[in-house]
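Student: What follows is a structure written as structure tokens; I'll ask about it next.
Given below as structure tokens:
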């Protein structure tokens, strides 16, 4: 591989500044509107339910889900994007969180696990950081077979799926496209996301993570 | 080509969200503890550019590739569902540290346990659809 290619890869592999969010999200929304579509990833869950025959049980799933194939392709592309970014453009695979956050994370685990630069992007074993303290090894199969992993993965998944459809959208549908269209319902939903997130983060999550089995 | 363009949009979004660390549980914990501007910066810049994009399409300055104006569907004017559904979603988001979009990134990155998370999310969606008529909207 030429030096030039390596330079490009290294450039992309750096951590991206927050304002790149405007570029990434803005371009995504622009392209989807240009293709005469919407931005909303959680709608795929409804489509998958309908495709599996959930329409026999509830009218909510009786819709022309064949017209939603494009959104499943967006999700497939997102999977591929995650794969490439994690494996080939991961850089140091660290989440560059603030010193205050490191302190909070160590408070949650009740011992100093993380120091500056050692917080990984993913709470699990990563390609570049193959060893993670068991306390933060959440996204693994062995974690799934523990009480706390079960609550986090199954409980969290259930609430995401239930809440997104109840609220009629998720972070992409409400917090991005809804807010950008000045939809008051979306603002209410985003306020709801934050109320729920704050309750979970401050009052429940530290105790769930500390369950020793 | 028809399929490819949607995969490309998803790729761009997924790749970018990973590099912005929005996929990280630790960034979500940081956000809900107000310990950094990073996540808020992503949301604020993302929404700001999206406002411009939305207005360009709404005013018909930019048309879709078919040449027609993009149709915007207003959300229902109901309140209970947004606040209750929002709170449940927010609790799930903070519990796993992952939202419905980031789930696909992690699955693609090789965290196969997210297949179970996806299954649980489908069960949640199905449960909502099943009990929909009994819930306040």
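Chains as they are written, first to last, in the numbering used here: chain X, 1 to 213; chain P, 1 to 137. Cβ atoms here follow ideal geometry from the backbone N, Cα and C, with glycine treated the same way. Note that the structure is predicted; figures quoted are calculated from it, not measured.
1. For chain P, is any of its Cβ atoms less than 7 angstroms away from the one on residue 76 (chain X)?
2. What does a CB cutoff of less than 8 angstroms around residue 99 (chain X) pick up in its chain, not counting 5 residues either side in sequence?
3. Would you list, in chain order, the members of the segment 150 to 175 of chain X that have their beta-carbon closer than 7 angstroms to a beta-carbon of chain P?
4. What are the partner residues of residue 94 (chain X), as DSSP defines its beta bridges?
5. Using only the alpha-carbon positions, how far apart do residue 74 (chain X) and residue 156 (chain X) sit?
6. Any beta carbon from chain P within less than 7 angstroms of residue 42 (chain X)'s own beta carbon?
7. Cβ closer than 7 angstroms: which chain X residues qualify as neighbours of residue 81 (chain P)?
8. Cβ atoms of residue 129 (chain P) and residue 61 (chain X): under 7 angstroms apart, would you say?
9. Which residues, in chain order, does the segment 50 to 82 of chain X contribute to contact with chain P at a C-beta distance below 7 angstroms?
10. If I'm right that residue 185 (chain X) touches residue 58 (chain P) with Cβ under 8 angstroms, what's the distance once you round it to whole angstroms?
11. Take residue 71 (chain P) as the anchor and find which of P:55, P:81, P:83 has the nearest alpha-carbon.
12. What residues from the segment 23 to 43 of chain X come within 7 angstroms of chain P, judged by C-beta to C-beta, listed N to C?
13. Note down the Cα distance separating residue 63 (chain P) from residue 121 (chain P), rounded to an integer number of angstroms.
14. How many angstroms separate the CA atom of residue 17 (chain X) from the CA atom of residue 24 (chain X)?
15. Starting from the beta carbon of residue 132 (chain P), find every residue of chain X whose beta carbon is closer than 9 angstroms, and list them in chain order.
16. Report yes or no: do the segment 18 to 38 of chain X and the segment 83 to 98 of chain P share at least 3 C-beta pairs separated by less than 8 angstroms?
17. With 16 other CB atoms within 10 Å as the buried threshold, where does residue 112 (chain P) fall?
18. Could you please give the first and the last residue of the uninterrupted alpha helix (DSSP H) stretch that includes residue 38 (chain P)?
19. Does the CB of residue 115 (chain P) have a neighbour CB from chain X at under 7 angstroms?
20. Whose C-alpha, out of X:103, X:109, X:181, is nearest the C-alpha of residue 189 (chain P)?
21. Taking the alpha helix (DSSP H) that residue 75 (chain P) falls in, what are its first and last residues?
22. Excluding five sequence neighbours on each side, which residues of the same chain lie with their C-beta closer than 6 angstroms to the C-beta of residue 216 (chain X)?
23. Does the count of Cβ pairs from the segment 152 to 167 of chain X and the segment 34 to 52 of chain P closer than 8 angstroms reach three?
24. Closest to residue 89 (chain P) by CA distance: which of P:124, P:69, P:136 is it?
25. Is the Cβ of residue 65 (chain P) closer than 7 angstroms to any Cβ of chain X?
26. Just the chain P side, please: which residues come within less than 8 angstroms of residue 177 (chain X) by C-beta, in chain order?
27. If you measure from the beta carbon of residue 34 (chain P) to each beta carbon in chain X, is any gap under 7 angstroms?
28. Could you check the C-alpha separation between residue 105 (chain P) and residue 60 (chain P) for me, to the nearest Å?
29. Please report the straight-line C-alpha distance between residue 189 (chain X) and residue 174 (chain X), rounded to a whole angstrom.
30. Does the CB of residue 91 (chain P) have a neighbour CB from chain X at under 7 angstroms?
31. Is there a Cβ of chain P sitting closer than 7 angstroms to that of residue 98 (chain X), yes or no?
32. What separation, rounded to the nearest whole angstrom, lies between the Cα atoms of residue 9 (chain P) and residue 79 (chain X)?
33. Just checking: is the beta-carbon of residue 69 (chain P) within a distance shorter than 7 angstroms of some beta-carbon in chain X?
34. Distance, Cα to Cα, residue 202 (chain X) vs residue 74 (chain P)?
35. Counting along the chain, where does the alpha helix (DSSP H) carrying residue 22 (chain X) start and finish?
Tutor: This is what the structure holds:
1. yes
2. 116
3. 152, 153, 154, 155, 156, 157, 158, 159, 160, 161, 162, 163, 164, 165, 166, 167, 168, 170, 171, 172, 175
4. X:120
5. 23 angstroms
6. yes
7. By Cβ distance, chain X contributes 166, 167, 168.
8. yes
9. Of all residues in the segment 50 to 82 of chain X, only 54, 57, 58, 60, 61, 70, 73, 74, 75, 76, 77, 78, 79, 80, 81, 82 come within less than 7 angstroms of chain P when Cβ atoms are compared, listed by chain position.
10. Going by Cβ atoms, the distance from residue 185 (chain X) to residue 58 (chain P) rounds to 17 angstroms, so no, they are not a contact pair.
11. The shortest Cα separation from residue 71 (chain P) among P:55, P:81, P:83 belongs to P:55.
12. Under the 7 angstroms Cβ criterion, the segment 23 to 43 of chain X contributes 24, 25, 26, 27, 28, 29, 30, 31, 32, 33, 34, 35, 36, 41, 42.
13. 35 angstroms
14. 11 angstroms
15. 58, 59, 60, 165, 166
16. no
17. exposed
18. 38 to 58
19. No, residue 115 (chain P) lies away from the interface with chain X (no Cβ there is under 7 angstroms from its Cβ).
20. Beyond the ends of chain P as shown, which are 1 and 137, falls residue 189 (chain P); an answer cannot be given.
21. That residue, residue 75 (chain P), is in no alpha helix (DSSP H); it is neither H nor E in DSSP.
22. No answer is possible for residue 216 (chain X): it lies beyond the span of chain X, which begins at 1 and ends at 213.
23. no
24. Taking only the C-alpha atoms, the option nearest residue 89 (chain P) is P:124.
25. Yes, because at least one Cβ of chain X sits closer than 7 angstroms to the Cβ of residue 65 (chain P).
26. 50, 54
27. no
28. 33 angstroms
29. 7 angstroms
30. yes
31. yes
32. Straight-line Cα distance between these residues: approximately 11 angstroms.
33. So, not an interface residue.
34. 34 angstroms
35. 20 to 34
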